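Residue numbers (this note's numbering): 446 to 922. All residues carry an ideal CB built from backbone N, CA and C; glycine is no exception. Note that the structure is predicted; figures quoted are calculated from it, not measured.
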Ligand SMILES: Cc1ncc(COP(=O)(O)O)c(C=O)c1O
């Protein structure tokens, strides 16, 4: 059977005004989609979507790629839909809708600050995503700052500091949390005079391992350094407080936090940010412009030039608000048990290696990376999708030094096309069936290889015979 999905009826029919608006009627989202046992308000857009299989037929999509981008919460989408009914310029218009949007945009900072446990005087700057947040922070560092960063970081946290006037100390991958703490201590103790910043992830986007942020922040503080936390992966899975951890800055992305509307945030201490020239030059950041001189606004406008992304800001704030109100320990426990089943199931399969930096010494979030001996990770990932309806990610996950190290340590070939790995990541939409399906599929592929033949098309493995058709989503398709 050829799997062709129908064009959704809203393309030709409904206007925004005809669609339901939860906020006009009730403070809770409509009860369709996945209703999470620990968080009834956290249902997911697109839960139970059907996807086509290469041999014909459809199956419920097993999204095990939350670590890349998570689907929207329904309450996030409904809030943005309600906002769009009144969408207008922010900070720039005298009309009522501009007033509504400006108030929503500015009001979005507080739920984000609360979600990360920020101090009252921490500034919340809207960015595009974590990458943008770290580039903004890098732009604002005082000259002669020493930045200490492990080679295990995501490229977004590893690379933005490489710029004139900044001294970057890149530390080798530690093999234990204690080694990480002592490497940071040594690097900060022996640094040249001047300000210092430790950049560290809360949880690895490759192994899912939770880093010893509290201990690292304590040692950094004792050496007079600040700390920037990469919470891109930690924030969707675990509650935390930067004030309580002793961290100075935190960066996160809306699209990993069930709010995929193009926004992220940098939250933290104002002084370095306030002293720096604007990150972007343009309208919104300027206080006065004459022929001879331009003066800049104070924070937060100083670093938010251009028309703000109000749907993105409101989406991120809404996700932060509802997640902060949810029973997060129960959510974490249920994700943990799915992850344990997944890890244990994969480990039992002959030829499968689940990779780890700290060798089981630390807790993990619902992210793990594995390889199958002798098999191309790209082909395995393609087969998981085409033959089993499972979404995972393959490659080096924008953390090439770490993936090279893990695969090298496990004896995998890191130089040819098989030197990549497969990452599975669970989230609010994950069910036991999804996890079981992945374990069963990997078991079958590890024993017999994929059932179909794959060819390289545009550098990606694709079933040699593939009758799947992409769905109609946009009116221009
Ligand atoms: C740990 C970590 N840091 C930073 C990033 C970069 O996030 P973004 O692509 O949203 O900027 C990611 C994305 O995968 C990540 O996992």
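> residue 902: buried (16+ other C-beta within 10 angstroms of its C-beta) or exposed?
Replying inline: Its Cβ having fewer than 16 others within 10 Å, residue 902 is exposed.
> Considering residue 673, what are the terminal residues of the alpha helix (DSSP H) in which it resides?
Replying inline: That residue, residue 673, is in no alpha helix (DSSP H); its beta strand (DSSP E) goes 671-675.
> CA-CA distance, residue 602 and residue 675?
Replying inline: Cα to Cα, residue 602 sits roughly 7 Å from residue 675.
>> Rounding to the nearest angstrom, what Cα-Cα distance links residue 473 and residue 608 in this structure?
In response: Reliability of the predicted coordinates at residue 473 is poor, the pLDDT of 30 falling under 50, and the value obtained from them is presented with this limitation in mind. Across the structure, residue 473 and residue 608 are spaced so that their CA atoms are roughly 47 Å apart.
>> Just checking residue 701 against ligand 1 - is the residue's beta carbon closer than 8 Å to any of the ligand's heavy atoms?
In response: Within the chosen limit of 8 Å, ligand 1 reaches the beta carbon of residue 701 through at least one heavy atom.
> In terms of residue numbering, what span does the beta strand (DSSP E) encompassing residue 750 cover?
Replying inline: Taken as a continuous stretch (DSSP letters only), residue 750 belongs to no beta strand (DSSP E), as it is neither H nor E.
> Which word fits residue 909, buried or exposed, when buried means at least 16 other C-beta atoms lie within 10 angstroms of its C-beta?
Replying inline: Burial call: exposed.
>> Using a Cβ-Cβ cutoff of less than 7 Å, which residues in the same chain neighbour residue 743 once the five nearest sequence positions on both sides are dropped?
In response: Hits under 7 Å: 719.
> Taking just the CA atoms, how far does residue 578 sit from residue 696?
Replying inline: Between residue 696 and residue 578, the C-alpha separation is close to 6 Å.
> What's the gap between the Cα of residue 802 and the Cα of residue 852?
Replying inline: Each residue's alpha carbon lies about 11 Å from the other.
> Mind checking whether residue 536 and residue 547 have CB atoms under 9 Å apart?
Replying inline: Cβ atoms of residue 536 and residue 547: closer than 9 Å.
> How many whole angstroms separate the CB atoms of residue 516 and residue 491, which I take to be in contact at a CB cut-off of 8 Å?
Replying inline: Rounded to the nearest angstrom, the Cβ distance from residue 516 to residue 491 is 5 Å, consistent with a contact under 8 Å.
> Can you tell me whether residue 820 is buried or exposed, with buried defined as 16 or more other CB within 10 angstroms of its CB?
Replying inline: Classification for residue 820: buried.
> When DSSP labels each residue in this structure, what does residue 607 get in the three-state scheme?
Replying inline: Secondary structure at residue 607: coil, using DSSP grouped into helix, strand and coil.
>> Could you pull the DSSP bridge partners for residue 709 from this structure?
In response: Bridge partners of residue 709: 572, 698.
>> Which runs of the alpha helix (DSSP H) at least 4 residues long sit entirely within the stretch 771-811? Give them in chain order.
In response: 773-792, all fully within the stretch 771-811.
>> I'd like to know whether the C-beta atoms of residue 624 and residue 850 end up nearer to each other than 9 Å.
In response: No, the Cβ-Cβ distance between residue 624 and residue 850 is not below 9 Å.
> How many Å lie between residue 503 and residue 878 at the Cα?
Replying inline: When rounded, the distance between both Cα atoms is 15 Å.
>> Since residue 882 and residue 832 should fall inside the 8 Å C-beta cutoff, what is the C-beta to C-beta distance between them, to a whole number of angstroms?
In response: Between residue 882 and residue 832 the beta-carbon gap is near 11 Å, outside 8 Å, which marks them as no contact.
> Start and end of the alpha helix (DSSP H) containing residue 687?
Replying inline: Residues 687-690.
> Quick one: is the Cβ of residue 649 within less than 8 Å of any heavy atom of ligand 1?
Replying inline: True, at least one ligand heavy atom lies under 8 Å from that Cβ.
> Within 8 Å: the Cβ of residue 646 and any heavy atom of ligand 1?
Replying inline: At least one heavy atom of ligand 1 is nearer than 8 Å to the Cβ of residue 646, so yes.
> What are the residues that DSSP puts in a beta bridge with residue 399?
Replying inline: This structure cannot speak to residue 399, because the chain is shown only from 446 to 922.
> In chain order, what residues of the same chain have a beta carbon less than 8 Å from the beta carbon of residue 702, not counting five sequence neighbours either side?
Replying inline: Closer than 8 Å at Cβ, skipping near neighbours: 515, 680, 681, 761, 764, 765, 768.
>> Does any residue of chain D have a CB that is nearer than 9 Å to the CB of residue 618?
In response: The structure shown has no chain D; it contains just one protein chain.
>> For residue 724 and residue 731, I'd like the C-alpha separation in whole angstroms.
In response: The straight-line gap from Cα to Cα measures roughly 12 Å.
>> Quick check on residue 917: buried or exposed, where buried means 16 or more other Cβ atoms within 10 Å of its Cβ?
In response: If you draw a 10 Å sphere on the C-beta of residue 917, you find fewer than 16 other C-beta atoms in it, and that means exposed.
>> What does the Cβ neighbour count give for residue 734, buried or exposed, with the cut at 16 atoms within 10 Å?
In response: Answer is exposed; the Cβ neighbour count stays below 16.
>> If you measure between the beta carbons of residue 813 and residue 880, is that distance less than 9 Å?
In response: No, the Cβ-Cβ distance between residue 813 and residue 880 is not below 9 Å.
>> Whole angstroms are fine: how far does the CA of residue 822 sit from the CA of residue 562?
In response: Whole-angstrom Cα-Cα distance: 39 Å.
> Is it true that the stretch 585-594 meets the stretch 624-641, where meeting means three or more beta-carbon pairs spaced less than 8 Å apart?
Replying inline: Contact holds: three or more Cβ-Cβ distances are below 8 Å.
> Roughly how many angstroms separate the alpha carbons of residue 665 and residue 565, rounded to a whole number?
Replying inline: Take the alpha-carbon of residue 665 and the one of residue 565: they are about 22 Å apart.
> Using a threshold of 8 Å, is the CB atom of residue 843 nearer than that to any non-hydrogen atom of ligand 1?
Replying inline: Inclusion of residue 843 in the 8 Å shell around ligand 1 follows from its C-beta lying nearer than that to a non-hydrogen atom of the ligand.
>> Give me the DSSP bridge partner(s) of residue 518.
In response: Answer is 489, bridged to residue 518.
>> Comparing C-alpha positions only, which one of 872, 809, 886 sits nearest to residue 825?
In response: Among 872, 809, 886, the Cα nearest to that of residue 825 is on 886.
> Can you give the Cα-Cα distance for residue 875 and residue 614, rounded to whole angstroms?
Replying inline: One C-alpha to the other measures close to 39 Å.
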